[in-house]
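A.B. asks:
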Amino acid sequence: MLLSDCMNERKYQQEIKKLQKATNDMVEAKYQEQNLENLAKYDLKEKNKQEILKKKKEEQIKIINEQISEAKIKRLKDFQEKEIEGFMARQDYLDGVKEDKIKAEQEKNRKIKLREEFIQGNEEAKLRKRQRMLKEIEDEKKREEFRLEKDRLEEIKKKKRKKF
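Numbering-wise, my numbering puts 158 at position 144 of the sequence shown, and it's gapless, one number per residue.
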């Protein structure tokens with residue numbers, strides 16, 4: 015009986031061992047399954063993180079591209095404004111040069127006119143002076159003639175008085 019008990023004991027031990035192995039296998043399978051689930055969750059989390067990072071990077075690239083585009087547009091506008099300002103400044107300069115030429119020409123014409131008026135005034139003054147001198151000479155001649163006539167008449171009167 016002892017042998018039979020031993021055998022039974024042995025059978026029970028083998029069954030317990032089998033049950034332990036089955037339990038261990040089940041625990042191991044459950045552990046493996048849970049690890050796979052955890053890995054799948056982790057992979058999903060990582061994939062989501064990567065997608066979020068990718069979207070953030072794409073958004074940053076989009077923002078950077080927009081900023082670059084805006085900067086290019088701003089530079090182009092600045093360039094165009096400076097070009098327009100340069101054109102306007104050049105035009106103002108050219109207008110100023112034209113205006114200066116016109117003013118210089120007007121000033122030159124004014125000086126020429128003044129010179130001509132001065133020359134004409136001098137000519138008229140010379141003419142008046144000449145006429146005044148001629149008149150003075152003529153007046154002097156008339157006075158001289160008058161004096162001579164007066165002297166002659168005086169002489170005649172003296173002669174007549176002497177005769178009487």
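Ideal Cβ placement from N, Cα and C applies to all residues, glycine included.
Predicted, not measured: the structure shown is a model, and the values here were computed from it.
What would DSSP say about M40, mapped onto helix, strand or coil?
C.D. replies: Three-state result, M40: helix.
A.B. asks: Tell me the DSSP secondary structure of M21 in three-state form.
C.D. replies: It is helical.
A.B. asks: What number of angstroms, rounded off, separates the C-alpha of K55 from the C-alpha of K44?
C.D. replies: Going from the Cα of K55 to the Cα of K44 covers about 16 Å.
A.B. asks: Does the beta carbon of K112 come closer than 9 Å to any beta carbon on chain D?
C.D. replies: The structure shown contains no chain D; it holds only a single protein chain.
A.B. asks: Rounded to the nearest angstrom, what separates M40 and Q28 at their Cα positions?
C.D. replies: If I take the Cα positions, the gap works out to 18 Å.
A.B. asks: Could you tell me the distance, in whole angstroms, from the CA atom of E176 to the CA atom of E169?
C.D. replies: A small fix is needed here, since residue 176 is Lys in this sequence, not Glu. Using only the alpha carbons, I get a separation of about 10 Å.
A.B. asks: Measure the C-alpha to C-alpha separation of K171 and R142 and round it to an integer number of angstroms.
C.D. replies: Rounded to whole angstroms, K171 to R142 spans 41 Å at the Cα level.
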